[in-house]
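Here the structure comes first, spelled out in structure tokens, and everything after it is commentary.
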Amino acid sequence: MFIDFFYLLRAQGLEISLDEWLCLMEALDKGLAANSLMEFYYLCRNILVKTESDYDKFDMAFAKYFEGIESVDDIPEELWKWLSEGEQERELEDMPAWAQEHNLDELRRMFKERLEEQNEKHDGGNYWVGTGGTSPMGHGGYNPAGVRVGGYSRHKSAIQIAAERNFRDFRQDNELDIRQFQMAFRKLRQFSARVDNAKTELDIDRTIDATCENAGMLKLVYEKPRKNTVKLLLLMDSDGSMTRYSQICSQLFQAVNQSSHLKDLKTYFFHNCIYDYLYTTPECNDGQWVKTDWVLGNLDSSYKVIIVGDAAMSSYELTARGGNINWYTFNEDPGLIWLERLKRHYKKSIWLNPIKAERWRMTWGSRTIAMVSGVFPMFELTLDGLDAGIKKLLNN
Amino acid sequence: MKKFTGSEDYVASKELMNAVNVAIALEKPLLIKGEPGTGKTMLAQSIADALSMPLIIWGIKSTTKAQEGLYVYDTVQRLYDSQFGEGDVADISKYIKLGKLGEAFTSDQQVVLLIDEIDKADLEFPNDLLWELDRMEFYINETKKTVKTRHRPIVIITSNAEKELPDAFLRRCIFHYIEFPSEEKMREIIKVHFGSIDKKLVNQAMKAFYDIRGMREIQKKPSTSELLDWLQALQISGIDVNRITDEIPYIGVLLKKNQDIDMVNAYRR
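Those protein sequences? They're chains A and B, same order as listed. Position 251 of the first sequence, counting from 1, maps to 251 under my numbering, and the rest follow consecutively. Heads up, my numbering is the position in the second sequence plus 1000, with the first residue counted as 1.
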């Protein structure tokens, strides 16, 4: 039993139930993966993984459990060179019978031993670590139970396929497309019937009650329709260091604009940090702006605020008077004061950062990122980050 | 045991065939996801053809209710009949109309049942079918009868991932994600559809097609079915093969959005 594989998968964050595991056992009993490790790989994936965004986690776990690929980093550089040169193709039929008989533990032990013995390049043999041979170690050759060392795979085995992690792009914590953004924004709802609206919806329960009270003569009762009450203020950093994220920001922007369920949506733009003025166009031209004070005065605190920016700048842009990088708009109050002002007014506000969260502490601008995230709860601009951020916005 | 190995006009990858056979062997529904145009719906047809079984398709819309798939009790008809004295109103079973699922369950031979685009329906829809898909039976309240399968149908479910499916439902399915076909696979697919077709035409068209798919800005990427349509258009028009990659004629067949067409035109300049 390889129940530890089950726990490894769960440890990787795959929520596999006992039902599914038993189903896999049943499938194995029926001999559905009798032929190869490859079939076993697909069988496990078919039964245990239920969304393509988890394929990557599965691949990682599989490669880890049947390891031997990614843990060969300690190979001497010379060996890597041997392996990448002088590759040759060979027939599959001439694989010796003993080639199948190794298990991985044994193989890895053999691999270590043979590395110690070997001191020259080998291609096309069946014992030494080299290329194009049937020795269970090396690459470009054929041995279904073998260890590939560097180079590229010619006859893929299941472990190799797992280690390639072809489904990395499907991970949920990766970037996303506009439709996924839209799906996430759909969650930004708070329903309330306390909106000023005509009573237009038939209230069936109360109609039945009223009709009964009315001795069976029909009496209709109407109520106000439930409406989403969420109002959103979107503030986007639109220049300089944000250029490289323009694709994802424009996707977010379009998704928000297409979210017709919001009660109100206002969008403004800024350079790096927010000061006296907020621009009405992404080009951020002087004059095409509104006063930030006007926004604070006219959009009441029931607005939820999403700020999108990398928050990476020189620290004086946050802390100094006149720190605004736009020379002509001298700011009396430092940027940080403005941010705090916004936060005080709009209790429900978050900052979305296109820089990945794991890099916030080392990237250029980590100081200002830390300062900004001290004011606003900061989330990375990915599906998971957006989800978490929207939850934060809806929390009481 | 019945084994699926693809059919004449459908190129299935090894993984996909594997998944189908696992689902058949374990008698569980097979849930198929993948980009539009990767042949999710075609799969059921090809399984039915390959195993020579009838295919029953239940297309799901946003208004579809689980109950409709089982049976509908036509009360209005019965009321009419009783008012106008037509037919035997006492026989309720006359007014029970089986849905697609009911049809599949009562069939005399094993069938392939396709539940197409399950994610279109309400969020709770898959949960409402758990028992029926598990036990392959349901109970008709009005006639106090249980409908039970004689031959467990092969159930194929497709989803475009518009909505997340509930966990309880997923646990009961075998899952497979169809990847977008590689160039090699695509050539096979083209061969299956067109037989012998001008090699040069295919080369040029494929190059243009994968170039367009590779552009990041394209919002709706062209899929296999669009490539096939395009090839058809190119073939019929008899256009000069050398002009294909430069001019991309009939671009409207490949791209369905104005912005995308503008984008490709901008690239060409």
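Ideal placement from N, C-alpha and C gives every residue a C-beta, glycine not left out.
- By the criterion of a C-beta distance shorter than 7 Å, Asp54 of chain A is surrounded in its chain by Leu14, once the five residues flanking it on both sides are discounted.
- Along the stretch 1008–1030 of chain B, going in chain order, the ones with a CB nearer than 9 Å to a CB of chain A are Lys1014, Glu1015, Asn1018, Ala1019, Asn1021, Val1022, Ala1023, Ala1025, Leu1026, Lys1028, Leu1030.
- Using a CB distance below 7 Å, the part of the stretch 10–25 of chain A facing chain B consists of Ser17, Asp19, Glu20, Cys23, ordered along the chain.
- By the CB criterion at 9 Å, Ile337 of chain A and Met378 of chain A fall outside the cutoff.
- Between Lys348 of chain A and Val375 of chain A, the gap from beta carbon to beta carbon reaches 9 Å or more.
- Per the DSSP secondary-structure output, Tyr1139 of chain B pairs in a beta bridge with B:Thr1146.
- Look at Leu202 of chain A: its C-beta is not under 9 Å from any C-beta on chain B.
- Across the stretch 1172–1194 of chain B, CB contacts with chain A closer than 9 Å involve Arg1172, Cys1173, Ile1174, Phe1175, His1176, Tyr1177, Glu1179, in sequence order along the chain.
- The stretch 29–44 of chain A makes no contact with the stretch 1147–1161 of chain B, as fewer than three CB pairs between them are under 8 Å.
- Sequence-ordered contacts of the stretch 1031–1043 of chain B with chain A read Lys1033 [C-beta pairs closer than 7 Å].
- Here Glu201 of chain A has Tyr222, Glu223, Lys224, Pro225 as same chain residues with Cβ atoms under 8 Å from its own Cβ, once five neighbours each way along the sequence are excluded.
- Using a CB distance cut-off of 9 Å, Glu1226 of chain B does not count as an interface residue toward chain A.
- For the pair Lys1033 of chain B and Asp1009 of chain B, the Cα-to-Cα distance works out to about 20 Å.
- Put simply, of B:Phe1084, B:Gly1059, B:Leu1055 the residue whose alpha carbon is nearest the alpha carbon of Gln1109 of chain B is B:Leu1055.
- Separation of Asp1074 of chain B and Lys1148 of chain B (C-alpha to C-alpha, rounded to the nearest whole angstrom) is 21 Å.
- When the five nearest sequence neighbours on each side are left out, the beta carbons in the same chain lying within less than 8 Å of the beta carbon of Leu1201 of chain B are those of Leu1231, Leu1234, Gln1235, Val1241, Ile1244, in order along the chain.
- Taking the CA atoms as reference points, Asp300 of chain A sits about 12 Å from Lys266 of chain A.
- Arg1216 of chain B belongs to the set of residues whose beta carbon lies under 9 Å from a beta carbon in chain A.
- Rounded to the nearest whole angstrom, the CA to CA distance from Asn46 of chain A to Glu317 of chain A is 53 Å.
- The beta-carbon of Ile47 of chain A is placed less than 9 Å from the nearest beta-carbon of chain B.
- Close CB contacts of Glu1027 of chain B within its chain, under the 6 Å cut and outside five residues either way in sequence, are with Arg1152 (chain order).
- The count of Cβ pairs closer than 8 Å, one atom from the stretch 240–252 of chain A and one from the stretch 208–221 of chain A, stays below three, leaving the stretches out of contact.
- Here the alpha carbon of Met38 of chain A sits roughly 11 Å from the alpha carbon of Phe62 of chain A.
- Rounded to the nearest angstrom, the gap between the Cα atoms of Ala320 of chain A and Ile274 of chain A is 13 Å.
- In the assembly as shown, Tyr1080 of chain B is an exposed residue. Its beta-carbon has fewer than 16 other beta-carbons within 10 Å.
- Remark: C-beta atoms of Glu1188 of chain B and Val1011 of chain B approach each other more closely than 9 Å.
- One alpha carbon belongs to Asn257 of chain A, the other to Leu22 of chain A, and they sit about 47 Å apart.
- Counting C-beta pairs with one atom in each stretch, the stretch 385–396 of chain A and the stretch 1028–1048 of chain B have fewer than three that are closer than 8 Å, which means they do not touch.
- Nearest CB-CB separation between Asp1119 of chain B and chain A: not below the 9 Å threshold.
- Identification of residues in the stretch 246–263 of chain A having a C-beta nearer than 7 Å to some C-beta of chain B yields Gln247, given in sequence order.
- Assignment of Asn228 of chain A by DSSP, reduced to helix, strand and coil, places it in the strand class.
- For Lys343 of chain A, the closest Cβ of chain B is not nearer than 9 Å.
- Here Leu1016 of chain B is buried. Its C-beta has 16 or more other C-beta atoms within 10 Å.
- Put simply, the CB of Thr51 of chain A is near chain B, with a gap under 9 Å to one of its CB atoms.
- According to DSSP, residue pairing for Tyr1073 of chain B in a beta bridge involves B:Ile1096.
- Inter-residue distance for Ser1046 of chain B and Val1192 of chain B is about 13 Å (C-alpha atoms, whole angstroms).
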